[in-house]
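Student: I have a structure I would like to understand better, so I am pasting it below and will then ask my questions one at a time.
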Amino acid sequence: MKLTDVLDGTRIAAGGLKDFAKGIVHPTLRLGVTGLSRSGKTVFITALVHALLKSARLPVFEAHARGRITRCYFEPQPDDDLPRFTYENHLEALTGEQRRWPESTRRISQLRLTIEYEPQGLIARNLHGGKLHLDIIDYPGEWLLDLPLMSQSYAQWSAGTVAASRKTPRSTHARDWHEYLVALDSSAPADEQKALKASELFTGYLSRCRQDDVSLSTLPPGRFLMPGDLAGSPALSFAPLDVTPQYLPEAGSLAALMARRYDAYVSKIVKPFYFGHFARLDRQIVLVDVLSALNAGPAAVSDLKAALSATMSSFRIGANSIASNIFGRRVERVLFAATKADLLHHTSHNRLENILRVLVEDATHRADFTGATHDVAALAAIRATREATITRKGEDLACIVGTPQAGEEIGGLNFDGTGEAAIFPGDLPEDATAALDGSLEGQLKFVRFRPPLVKDTTFPHVRLDRAIEFLIGDRFA
Ligand code: GDP
21 MKLTDVLDGT RIAAGGLKDF AKGIVHPTLR LGVTGLSRSG KTVFITALVH
71 ALLKSARLPV FEAHARGRIT RCYFEPQPDD DLPRFTYENH LEALTGEQRR
121 WPESTRRISQ LRLTIEYEPQ GLIARNLHGG KLHLDIIDYP GEWLLDLPLM
171 SQSYAQWSAG TVAASRKTPR STHARDWHEY LVALDSSAPA DEQKALKASE
221 LFTGYLSRCR QDDVSLSTLP PGRFLMPGDL AGSPALSFAP LDVTPQYLPE
271 AGSLAALMAR RYDAYVSKIV KPFYFGHFAR LDRQIVLVDV LSALNAGPAA
321 VSDLKAALSA TMSSFRIGAN SIASNIFGRR VERVLFAATK ADLLHHTSHN
371 RLENILRVLV EDATHRADFT GATHDVAALA AIRATREATI TRKGEDLACI
421 VGTPQAGEEI GGLNFDGTGE AAIFPGDLPE DATAALDGSL EGQLKFVRFR
471 PPLVKDTTFP HVRLDRAIEF LIGDRFA
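Quick note: the sequence shown uses this note's numbering, first residue 21, plus one each step.
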């Protein structure tokens with residue numbers, strides 16, 4: 021163990037202790053909501069908060085279904101250094117005249133919801149009278165995938181990143197960057213313009229790998245794709261060089277400049293996020309756009325699996341006992357959720373869940389994940405579709421019906437965002453492992469539907485209540 025590990029551990033312990041002391045008087049649950057961009061974080065948080073504030077139908081959320089939740093309201097968030105999750109703007113987008121999906125997550129934000137309830141136990145009733153602060157922390161999943169960088173040197177990261185970029189399908193998208201990379205001499209004198217150009221081309225490669233048709237997941241450094249407040253900052257002007265994992269940059273060289281910036285990225289961006297926010301979470305939901313990966317093909321699926329595996333090794337083992345509160349907090353429950361299940365007929369919802377289960381189970385076999393309770397779910401935080409059966413050429417097709425967004429196209433048919441359409445999205449196979457071999461590539465037909473029309477009511481959803489029960493249900497004893 022290195023001295024920095026001990027110091028970092030102490031930092032967690034200090035944060036944990038402070039949270040723990042506060043938690044005795046005011047029970048608080050810090051719920052992290054993450055997932056790669058477009059996985060559905062903003063929609064999930066908006067729907068979750070709306071459902072609790074408006075007392076939606078949530079039969080599987082037991083305390084709620086039994087009428088023990090008495091009041092829900094916003095309170096000022098505890099961390100003054102974080103922006104507030106702009107719930108009101110997101111709700112306005114969904115329910116306003118235009119009925120559109122809200123602006124996606126681009127940085128970390130927070131919201132505190134206080135939930136009052138009738139406690140069951142005598143102690144709870146006397147101690148805190150049935151009040152829970154639910155602190156929801158929304159952050160890009162890209163940042164979570166940066167945590168392994170804390171244990172890699174610049175040379176190790178460079179070698180791994182360059183090697184991965186030489187395999188298909190990454191190599192196709194890395195051409196411009198590779199052309200520039202071969203001309204770069206790592207031991208030549210440091211050159212700012214070369215560092216900038218390399219970082220620009222490398223970022224271009226990462227974004228191409230993230231596009232819908234490629235849909236790769238593990239593309240660190242996360243701030244290159246999701247810079248948050250660091251857009252355009254010099255902290256992001258580095259890139260990998262073609263060096264061996266053992267390479268030691270010479271002072272004053274291009275490699276030394278890159279390595280210095282990489283180290284600064286890890287110590288000034290990755291570590292503060294880890295110790296300041298991530299390590300203080302109690303519960304976590306990881307949203308996963310499984311459908312896009314299935315549709316993009318086997319490379320996207322196996323990359324998603326690798327990303328889930330990396331995500332899991334970030335969650336430290338164990339439950340939030342008093343000891344772990346003092347010696348460092350632990351995420352106690354993690355829910356992996358396949359989002360946008362409403363894009364499939366309900367006959368495929370369990371199948372979607374099983375596919376995610378297979379992807380996650382592979383990764384949970386790793387020893388470092390035992391301890392935190394985890395589960396998987398297929399859900400739609402906001403259901404934009406209904407179901408219908410259509411008979412075509414004597415065959416019954418299980419379809420979904422909704423209003424496709426303007427500009428969407430399927431089978432040569434263009435939609436203008438006004439009329440409804442019935443679409444047969446395709447079926448998921450019964451055998452989950454069969455979905456992972458790439459046979460579904462391009463088989464699923466998705467269009468983006470507009471959000472449902474809700475007037476003074478709550479949003480329809482698929483299994484949102486199950487997710488809530490798993491994530492926070494036990495805290496209403
Ligand atoms: P974020 O980047 O993780 O914050 O993702 P968003 O929450 O902004 O979601 C990205 C897009 O996915 C939205 O604009 C919607 O088009 C779609 N989406 C998210 N959740 C749902 C859902 O529950 N149902 C449907 N049909 N689409 C969803």
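Glycine included, every Cβ here is placed at the ideal spot set by N, Cα and C. Note that this is a predicted model, so its numbers are computed, not measured.
Just verifying my parser: in three-state terms, what is the DSSP assignment at E407?
Tutor: strand
Student: Would the C-beta of K465 count as close to the ligand GDP, meaning under 7 Å from any of its heavy atoms?
Tutor: For the ligand GDP, not one heavy atom lies less than 7 Å from the Cβ of K465.
Student: If I measure Cβ to Cβ from V351 and keep anything under 6 Å in the same chain, skipping five residues before and after, which residues do I get?
Tutor: L301, Q304, F335 and A392
Student: Going by the beta-carbon positions, is the gap between L164 and T331 smaller than 8 Å?
Tutor: yes
Student: Measure the C-alpha to C-alpha separation of G272 and Q172 and round it to an integer number of angstroms.
Tutor: 21 Å
Student: Is T423 near the ligand GDP, in the sense that its beta carbon is under 7 Å from a heavy atom of that ligand?
Tutor: no
Student: What would DSSP say about F469, mapped onto helix, strand or coil?
Tutor: strand
Student: For G252, does the count of other Cβ atoms within 10 angstroms reach 16, so buried, or fall short, so exposed?
Tutor: exposed
Student: Below 8 Å on the Cβ atoms is my contact criterion, and I expect L376 with V310 to pass it. Report the Cβ-Cβ distance as a whole number of Å.
Tutor: 5 Å
Student: For L363, which of V421, R486 and G296 has the nearest alpha-carbon?
Tutor: V421
Student: Are D155 and Q231 touching if we call contact CB-CB under 8 Å?
Tutor: no
Student: In the DSSP assignment, find the unbroken beta strand (DSSP E) run with H46 in it and report its ends.
Tutor: Taken as a continuous stretch (DSSP letters only), H46 belongs to no beta strand (DSSP E), as it is neither H nor E.
Student: From E415, S368, L460 and A179, pick the residue whose C-alpha is nearest to that of E450; which is it?
Tutor: S368
Student: Cβ of L307 versus every heavy atom of the ligand FMN: is any distance shorter than 7 Å?
Tutor: In the structure on display, the ligand FMN does not appear, and the ligands it does have are the ligand GDP.
Student: Around the C-beta of I346, are 16 or more other C-beta atoms found within 10 angstroms, so that it is buried, or is it exposed?
Tutor: Note that I346 scores 47 on pLDDT, short of 50, meaning its location in the model is unreliable and no value can be drawn from it.
Student: Does the separation of the CB atoms of L269 and A276 fall below 8 Å?
Tutor: Reading the sequence as shown, one finds Pro at residue 269 and not Leu. Yes; because the gap between Cβ atoms is below 8 Å, this pair is in contact.
Student: Give me the residue from E429, T238 and G427 with the minimum Cα distance to A184.
Tutor: T238
Student: For V63, is the beta carbon positioned less than 7 Å from some heavy atom of the ligand GDP?
Tutor: yes
Student: Cα separation between F81 and H481?
Tutor: F81 and H481 have their alpha carbons spaced roughly 13 Å apart.
Student: Which of the three DSSP states, helix, strand or coil, is assigned to A387?
Tutor: Low confidence applies to A387: its pLDDT is 48, below 50, so where it sits in the model is not reliable enough to give any reading.
Student: Would the stretch 107 to 122 and the stretch 74 to 92 be scored as touching if the rule is three or more Cβ pairs under 8 Å?
Tutor: Touching, no.
Student: For V467, which residues in the same chain have their Cβ closer than 6 Å to its Cβ, ignoring the five residues on either side in sequence?
Tutor: P424, E428 and I430
Student: Please report the residue range of the beta strand (DSSP E) in which A319 lies.
Tutor: Segment P318 to S334 is the alpha helix (DSSP H) holding A319; no beta strand (DSSP E) there.
Student: When you compare the CB positions of V69 and Y107, do they come within less than 8 Å of one another, or not?
Tutor: yes
Student: Hey, how far is the Cα of E407 from the Cα of L49?
Tutor: 36 Å
Student: Measuring from the CB of W163, is there a heavy atom of the ligand GDP at a distance below 7 Å?
Tutor: Every heavy atom of the ligand GDP is 7 Å or more from the Cβ of W163, so no.
Student: How would you write the range of the alpha helix (DSSP H) that H110 sits in, first residue to last?
Tutor: Y107 to T115
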